[in-house]
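Structure, as C-alpha cells:
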Amino acid sequence: MKKLILLILVTLAACSKKNSDQSTKDKAPKKTPLLLLNDEPRLRKSLGGDDDTLIIKEHDKAFIYRIKYQKEEPFKGEVSDAIPISSENSKTLASLILSHENYYWPKKNGDWKPCSPIPGVKLSFHKKEKRYEILLCFECSILIAKGVQLDFDYMPADFYKIIKSSFPDDEKIQVIRNSPLKPKK
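Numbering (the working numbering), first residue to last: 20 to 204.
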C-alpha cells in the first residue's frame, strides 16, 4: 500500500513539473515598459500601469465634463455634456498629465496633503473601446485616477488655460489660478 501511495505521489509530482515547464514556455515575452515624457515608474504605477498610461498617451479622442461638487466617493454626476477636446489640446493635456515633473512627490509616506478633494472636472481619454477617466480638484490641486490621488502642484499654465477655455461661462472654473501652485525647485 505504501508503495502504491509513493508511486502516485511521484507520478503527480512529475506531471506537475511537466505542466509547470510547459506553462513557462507558453508565456509571452515580457513587455517593454511604456516610456513617458520624463518617464518615472512611480507616476506610471500611480496612473494604473502601462495599459492605462498608453490610453492617455495614444488616445483617439478626449472629452471634458463639469461634475457636481461632492465630498465623498464615488464622484459622479456630470453637470455638463461631454465637451470634445481638440486634438492639439488633448495631446497637450496628455503630455502634461504624463510628465512626472508636474507632480509633487513627498520624500516620505504620510507627507501628502491633508485635503479631502472635491473634484469639479472630469477628463476622459478614449482609445478604441477603452476609456480612462481623471478627476480634478482645483481647490487643492489633486488629480484622482483609479482611486489614487496625485498632487499636481507644478502643472504649468497651459494645463489651466485648456481647462478654463473648455468652460468659458462657468464662474467657478474661470476663477481657478493660471499657473502652478508651487514653483518648480
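Note that beta-carbon positions come from the ideal geometry of N, C-alpha and C, so glycine has one too.
Contact set for residue i: own chain, Cβ-Cβ below 6 Å, skip 5 residues either direction
i: A81; result: I104, S109, F144
i: D79; result: H145, K146
i: K149; result: I74
i: D71; result: Y151
i: V167; result: S65
Integer Cβ distance of residue i from residue j, believed to fall under 8 Å
i: I195; j: F171; result: Not confirmed; about 12 Å, so no contact.
i: W136; j: I163; result: Per the sequence presented here, residue 136 reads as Pro, with Trp not at that position. Confirmed, Cβ separation roughly 6 Å.
i: W124; j: R61; result: 7 Å
i: V140; j: I181; result: Contact flag wrong, Cβ pair sits at about 11 Å.
Contacting residues, own chain, Cβ-Cβ under 7 Å from residue i (five flanking each side not counted)
i: P199; result: D172, Y173, M174, P175
i: Q193; result: K183
i: D189; result: R85
i: P138; result: I86, F94, L154, L155, C156, I163
Bridge partner(s) assigned by DSSP for residue i
i: F82; result: P103, S143
i: D170; result: Y123, I161
i: Y151; result: F144
i: C156; result: I161
Nearest neighbour of residue i, chosen from the options [CA to CA]
i: Y122; options: A113, P133, I161, D71; result: I161
i: P205; options: I137, G166, I102, D71; result: The structure shown does not extend to residue 205, since the chain is modelled only from 20 to 204, so the question has no answer here.
i: L117; options: L66, C134, K132; result: L66
i: E120; options: L169, S185, N197, K191; result: L169
i: L112; options: K191, F178, S185; result: F178
Cβ neighbours of residue i in the same chain (closer than 8 Å, five flanking residues each side left out)
i: Q41; result: Low per-residue confidence applies at Q41: pLDDT is 49, beneath 50, and the placement is therefore not dependable enough to give any value.
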